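Worksheet: the structure to be examined is printed underneath.
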Amino acid sequence: MKLATWNVNSLNMRLPRVLGWLAAMSPEVLCLQETKLEDAKFPHDVLREAGYEAHFAGQKTYNGVAIVVRRDLVADDIVRGIPGFEDTQQRVIAATVGGIRIVCVYVPNGQSVGSEKYVYKLGWYHAAAQYAKSELAVHPQLAVLGDFNVAPEARDVHDPVLWEGQVLVSEPERVAFRELLALGLQDSFRLFEQPPATFSWWDYRMLGFPKNHGLRIDHILMSPPLAARCTSCRIDRNARKGEKPSDHAPVIAEVSD
DNA sequence: ATGGCAATGTTTCATTGA
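According to the numbering used here, the first sequence is numbered sequentially starting from 290.
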């Protein structure tokens, strides 16, 4: 079973790419972030024709998440947002697919260290950790996929000295991310040997992608029983090439049946 | 090939992202 996550930076702009990628990769589950579409405008018909059923939580202009499920599987227990956590921003959706609890997250960016949005990000992380903990208690087979807006370690940053202390790599953010790992969730990418300087996001500016000036901020976290089934995890940097790319590349993990 | 921001709406600039 292939589980994937992709911050598409506007599903409206990226729909042809997403359809092409689904056709090429045929994942069972694709989690999307930054769909930037209110639910009434979500292109579920087009996806259905492509063989996928979508479940989504969107809003105009910003944020928005979706879980896209291949139609030979069923998605149950759809939950939007973090239960008990008030948030006007659409950043979380969960579903159970093929016996695996899927939680799709778009963690706040944080803008700059110390800003109001940074404080919101840290509080959001804490709520997400509580949620992950309660989900783990009822779903041993759990995957949390999405844009975590944190590069966990120096090796996840193209130039750690340049980025030192900046938003996305600051220590409080990394501590918040490690709260998830402390629950037992594992970074599936690091279960395997990986090429050095592998990233999931590159700035549109200053030739970020051609120079590989990137960060690894998109992750697939797995509970221990699911991680034990994981046979691969990689980042598809090909999807960052060509005309009108998202600034993020998809992450795709495979788990055995 | 992978090329010097992109997407959105409040649109002709401001805001946000990371």
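From the three backbone atoms N, C-alpha and C, an ideal C-beta is built for every residue, glycine too.
Just so it is clear, the structure is predicted and the values come from calculations on it, not from any experiment.
Proximity winner among the options, relative to residue i (alpha-carbon distances)
{"i": "residue 543", "options": "518, 370, 468 and 473", "result": "518"}
{"i": "residue 523", "options": "489, 430 and 398", "result": "489"}
{"i": "residue 441", "options": "469, 419 and 416", "result": "469"}
{"i": "residue 309", "options": "322, 379, 335 and 325", "result": "335"}
{"i": "residue 353", "options": "383, 405, 395 and 482", "result": "395"}
{"i": "residue 467", "options": "527, 411, 371 and 530", "result": "411"}
{"i": "residue 306", "options": "530, 541 and 422", "result": "530"}
{"i": "residue 505", "options": "448, 380 and 333", "result": "448"}
Element boundaries [alpha helix (DSSP H), containing residue i]
{"i": "residue 309", "result": "300-314"}
{"i": "residue 538", "result": "Run containing residue 538: none; DSSP gives neither H nor E here."}
{"i": "residue 334", "result": "333-338"}
{"i": "residue 388", "result": "Run containing residue 388: none; DSSP gives neither H nor E here."}
{"i": "residue 348", "result": "Element bounds for residue 348: n/a, residue is neither H nor E."}
{"i": "residue 471", "result": "460-471"}
{"i": "residue 418", "result": "405-427"}
Short Cβ contact (9 Å threshold) for residue i with residue j
{"i": "residue 296", "j": "residue 521", "result": "no"}
{"i": "residue 363", "j": "residue 343", "result": "no"}
{"i": "residue 345", "j": "residue 356", "result": "yes"}
{"i": "residue 365", "j": "residue 386", "result": "yes"}
{"i": "residue 525", "j": "residue 516", "result": "no"}
{"i": "residue 317", "j": "residue 349", "result": "no"}
{"i": "residue 546", "j": "residue 290", "result": "yes"}
{"i": "residue 382", "j": "residue 390", "result": "no"}
Continuous beta strand (DSSP E) stretch holding residue i: start and end
{"i": "residue 508", "result": "507-511"}
{"i": "residue 364", "result": "364-369"}
{"i": "residue 318", "result": "318-322"}
{"i": "residue 291", "result": "291-296"}
Beta-bridge pairing of residue i - partner residues as DSSP gives them
{"i": "residue 384", "result": "391"}
message = Whether or not the stretch 475-490 and the stretch 502-521 are in contact is what I'm after, with contact meaning three or more pairs of Cβ atoms, one per stretch, closer than 8 Å; do they touch?
response = Three or more Cβ pairs closer than 8 Å define a contact, and the stretch 502-521 meets that threshold against the stretch 475-490.
key: Cβ pair count under 8 Å reaching 3, the stretch 415-428 against the stretch 450-464   = With the rule of 3 Cβ pairs closer than 8 Å, the stretch 415-428 does not count as touching the stretch 450-464.
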